[in-house]
Structures are given as C-alpha cells and as structure tokens.
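J.: Per the numbering used here, residue 2 is the first one in the sequence shown, and the count goes up by one each step.
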Amino acid sequence: MNTSLLTSLQETKDTFPINGTDFIEFYVGNAKQTALYYQHCFGFDLIAYKGPETGSRDVISYVLQQNKIRFVISSALQPDHEILQHVALHGDGVKVLALWVDDAKEAYHLAIEKGAESAFEPVVLEDKNGTVVMAAIQTYGETIHTLVERKNYQGAFLPGFEARTSRYKASPIGLKYVDHCVGNVELGDMNKWVSFYENVLGFKLLVTFDDKDISTEYTALMSKVVSNGNGFIKFPINEPAKGRKKSQIEEYLDFYKGAGVQHIAIATDNILDTVTQLKDRGVEFLYVPETYYDDVLDRVGKIDEDLEDLKKLNILVDRDEEGYLLQIFTKPVMDRPTVFYEIIQRHGARSFGKGNFKALFEAIEREQELRGTL
Ligand code: FE2
Numbered sequence: 002m003n004t005s006l007l008t009s010l011q012e013t014k015d016t017f018p019i020n021g022t023d024f025i026e027f028y029v030g031n032a033k034q035t036a037l038y039y040q041h042c043f044g045f046d047l048i049a050y051k052g053p054e055t056g057s058r059d060v061i062s063y064v065l066q067q068n069k070i071r072f073v074i075s076s077a078l079q080p081d082h083e084i085l086q087h088v089a090l091h092g093d094g095v096k097v098l099a100l101w102v103d104d105a106k107e108a109y110h111l112a113i114e115k116g117a118e119s120a121f122e123p124v125v126l127e128d129k130n131g132t133v134v135m136a137a138i139q140t141y142g143e144t145i146h147t148l149v150e151r152k153n154y155q156g157a158f159l160p161g162f163e164a165r166t167s168r169y170k171a172s173p174i175g176l177k178y179v180d181h182c183v184g185n186v187e188l189g190d191m192n193k194w195v196s197f198y199e200n201v202l203g204f205k206l207l208v209t210f211d212d213k214d215i216s217t218e219y220t221a222l223m224s225k226v227v228s229n230g231n232g233f234i235k236f237p238i239n240e241p242a243k244g245r246k247k248s249q250i251e252e253y254l255d256f257y258k259g260a261g262v263q264h265i266a267i268a269t270d271n272i273l274d275t276v277t278q279l280k281d282r283g284v285e286f287l288y289v290p291e292t293y294y295d296d297v298l299d300r301v302g303k304i305d306e307d308l309e310d311l312k313k314l315n316i317l318v319d320r321d322e323e324g325y326l327l328q329i330f331t332k333p334v335m336d337r338p339t340v341f342y343e344i345i346q347r348h349g350a351r352s353f354g355k356g357n358f359k360a361l362f363e364a365i366e367r368e369q370e371l372r373g374t375l
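(1) Taking C-beta to C-beta, are Lys258 and Val227 nearer than 9 Å?
(2) Taking 8 Å as the threshold, find out whether the region 36-53 comes into contact with the region 111-131 through three or more Cβ pairs.
(3) Taking the Cβ atom as the reference point for each residue, do Gly94 and Val340 lie within a distance shorter than 9 Å?
(4) At which residue ranges does the region 89-140 contain complete alpha helix (DSSP H) runs of 4 or more residues, listed in the order of the chain?
(5) At which residue ranges does the region 262-344 contain complete beta strand (DSSP E) runs of 3 or more residues, listed in the order of the chain?
(6) Specify the secondary structure class of Ala32 as computed by DSSP and reduced to three states.
(7) Scan the region 46-87 and note each continuous beta strand (DSSP E) run of 3 residues or more that stays entirely inside, going in chain order.
(8) Taking its Cβ as the centre, do 16 or more other Cβ atoms sit within 10 Å of Arg245, making it buried, or is it exposed?
(9) Per the contact definition of three or more C-beta pairs closer than 8 Å, is the region 265-274 in contact with the region 338-356?
(10) Quick one: measure Cβ to Cβ for Lys243 and Met191, integer angstroms, because I've assumed they're closer than 8 Å.
(11) Would you report the Cα separation of Lys280 and Glu122, rounded to the nearest angstrom?
(12) Check whether the region 195-211 and the region 62-74 touch, using three or more Cβ-Cβ pairs below 8 Å as the test.
(13) Going by DSSP, what residues sit across from Met191 in a beta bridge?
(14) Counting C-beta neighbours from all protein chains within 10 Å, is the total for Glu366 16 or more, i.e. buried, or is it exposed?
(15) Just curious, the alpha helix (DSSP H) that Ile250 is in, first and last residue?
(16) Looking at C-alpha atoms only, which residue of Glu83, Leu317, Thr277 and Leu222 is the closest neighbour of Asp296?
(17) CA-CA distance, Phe256 and Phe43?
(18) Go ahead and label Leu326 buried or exposed: buried means 16 or more other beta carbons lie within 10 angstroms of its beta carbon, across all protein chains shown.
(19) Please find out if some non-hydrogen atom of the ligand FE2 comes closer than 8 Å to the beta-carbon of Pro237.
(20) Return helix, strand or coil for Arg372, following the three-state DSSP convention.
(21) Mind reading off the beta-carbon distance from Tyr28 to Val124? Whole number of angstroms is fine, and I expect it under 8 Å.
(22) Please report how far the alpha carbon of Leu10 lies from the alpha carbon of Asn20, in whole angstroms.
(23) Helix, strand or coil: which one does DSSP assign to Thr8?
(24) Give a single yes or no on whether Gly349 has its beta carbon closer than 8 Å to a heavy atom of the ligand FE2.
(25) Please name the residue or residues paired with Cys182 in a DSSP beta bridge.
(26) Using CA coordinates, which residue listed in Glu309, Ile250 and Glu163 is at the minimum distance from Ser57?
(27) Please tell me whether, using a cut-off of 8 Å, the distance from the CB of Gln328 to the nearest non-hydrogen atom of the ligand FE2 is below it.
(28) What's the C-alpha gap between Asn130 and Leu159?
(29) For Arg372, I'd like the list of residues in its chain whose CB is within less than 7 Å of its CB, leaving aside the five on either flank, ordered along the chain.
(30) In whole angstroms, what separates the C-alpha of Asn357 from that of Glu127?
(31) Cα separation between Glu323 and Ile145?
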C-alpha cells in the first residue's frame, strides 16, 4: 500500500464511533408540566417514567419520544439537589446531549485520554430488562455528553425507569430526528470547543461563518459547525462578535449565566403540516416581514411548495449547491430567552440557511427590543 493511500484511509477512519443521539435531557423546575407541554404542543408520546412511585426518591423524569427523537424531562424534589441548583442558575435548559455508542467504557477512556474532563465515570445499570453502561464527559458550560451503551438492554429506556403511557394522546406532528444542536459559548471560546470536538471526539469541521456572514446593522456572531464520523450528529458552536448593540448570543449568555444549548433543529418531511399544527397548538414563532417573500424565489429558484403557503406560515427558504431547505424558528420555549427550536425540511441541501441569517437575526432583534435587551 502506498503512503498516500494509507494517509487517506487514516484520514477517513472514524476515531470515535457514535451511532447517533441517544437522548436530550432537560433540567426543569416542574417536569410534570413541561412533559405535558411537549406532549400537547410537539406531539411527543410518553414512554417511560421514574419518580417516588418507582423508587426514585429525589428525581422525577418523564421520557418522551417521537420517531428518533427522545427527550428526558427531569426535576428534583429537594432544593439542594443538583438539578434544582442548575435550574436556579440557568433557568430550564438542556443538561445532557447523550451519545449512543457501542462501548461506553472504551469511549469514555478514549475521550479522557485525549483530554476530556470527566462528568462521571462508567457505571453499569441493571434491571430485569438487561444492562446499560453509561459514563459522561463535560462539554461547554455545565452541559455534558453522556455516553450510552445499550446493546444489552431491552427495556423502555434505562434501568430505574418504568414503561409508562399517557391517557392524553396528542397526534404526532411529523418530527423525525434531531438535525443539529447548537451551542452558544463565550467570546473567544468557539475555537476551543471546536478543537475539543475535533481532537477528543473525532469530529470534522464542516463549515465556518464569520461576522461578515452573520451580521445585521446592530449585532454579529461567529459560528463553526462540527460533525461526527458518520455525519449524523452536527453541532454548530456560536460565539458573539462585536456589533453596535448587544447580540442575541450575549443576551443568551446573560440569561443562561454562561455557555449552553441555544437551539435544537428538528427535521420533518412536511414542514407545512408540522408548522400548521405547532401554531394551532400554541407554539410561537419568530416573524419575518412579508417583503421577505417578494424576491425569495429570485434567490432560491424553483421549489416544490406553493410560495403563498410558505408566506402564510412565515417559513423561510434557502438553497445551496445540493438543493434547497425550508426552515422556521420558534420563540424561546423557556421563561428566559434561551432555548428555542428550529423546524427544518431538507430538499437535498445540507447547509444551515445562510441566506436567511440576516432576516432571522433581524427578527430576533425585534424580540430583543421588546425585552429591552438589545
Ligand atoms: Fe439551526
């Protein structure tokens, strides 16, 4: 084998195999009500539960699922519990981005060897449905990546949880999988975290946006997107850039009290239907002016959808070399202006809607102005 072939083979080897996102866990002040919000508004099904009735004396968790998306909504019963201290500092937010691996011990030790900071060491959890191995490493802020090995487990979620369904059945709204999950980090920290994903978890840098790509008259930000070996996991990392006024990233950092997850983008195959249902169920979205639609087709060319339908729902369109995408952003779903959702439908495009950044950030600035935080 010649050296150049060997090098290219080594370059394509996945140094940290991850099958996909296992779950996303939110720490909240009232898990019962938040779980019902995601069932009612987003059409998730309740699949598992732990709480005092199942022997969990201090933590209550509801596990919700829709297609490949699994959310865990957790709260605690005592004020000095780590979950409620997290909520007191950050408000409701994302604590865990769990990664599904084949061998959690090996993955954990590899990550630590390469410089990751431990969140907890490998533990083996067991019940009548089998065993799960978990360990966790720190990422930006207080967020962690739990590594989950579940190949020997057949239960509803994890040992300690009971399968649970709800009498309340909201119809699903076509949410398929997590497309990408975005983190906001402090000024000057973006490259540090991009290096962490590259060096520790074997991610590749997919794309870079600088403040010339993402700026309005008032504010700016910079962003780099990293992706894992099989391409299923994409983590854009944002940091604020200097502008005339306070950027949305600074507003997030002020309210979240540090770095954390900013938005979760969820894929659908029918954004018109998904967004119609979300709006009917009370989810609020950012608004772009109608003039956005005057020349959008000049920019993106022919699309399958009727422009009037997109305009009615305020859905945005963008195109890259591989196709086009449709996207829309909710207002923050927490009390603090922190975590929000993106709904995205891809027609070939693998990018992130760069052509919409300006209209989108102006929409966020209008909201900031209402909050008095611009
Ligand atoms: Fe996004």
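Glycine included, C-beta positions come from ideal geometry on N, C-alpha and C. This one's a predicted model, so the numbers in the text were calculated from it and none came from an experiment.
T.: Taking the geometry as given:
(1) no
(2) no
(3) yes
(4) 105-114
(5) 317-321 and 324-330
(6) helix
(7) 46-51, 60-67 and 70-77
(8) exposed
(9) Yes: the two stretches touch, three or more of their Cβ pairs being nearer than 8 Å.
(10) In fact, because the Cβ distance is near 14 Å, the residues do not count as touching under 8 Å.
(11) Whole-angstrom Cα-Cα distance: 42 Å.
(12) no
(13) According to DSSP, which records beta bridges pairwise, Met191 is partnered with nothing at all.
(14) buried
(15) Residues Gln249 to Tyr257.
(16) Leu317
(17) When rounded, the distance between both Cα atoms is 25 Å.
(18) buried
(19) yes
(20) For Arg372, the three-state secondary structure derived from DSSP is helix.
(21) With a Cβ gap of about 19 Å, Tyr28 and Val124 do not count as contacting.
(22) Reliability of the predicted coordinates at Leu10 is poor, the pLDDT of 47 falling under 50, and the value obtained from them is presented with this limitation in mind. Roughly 20 Å separates the two Cα atoms.
(23) At Thr8, the pLDDT of 47 sits below 50, so the modelled position is not reliable; the number obtained from the coordinates is stated separately. Helix, per DSSP.
(24) no
(25) Ile265
(26) Glu163
(27) yes
(28) 9 Å
(29) Pro338
(30) 47 Å
(31) 33 Å
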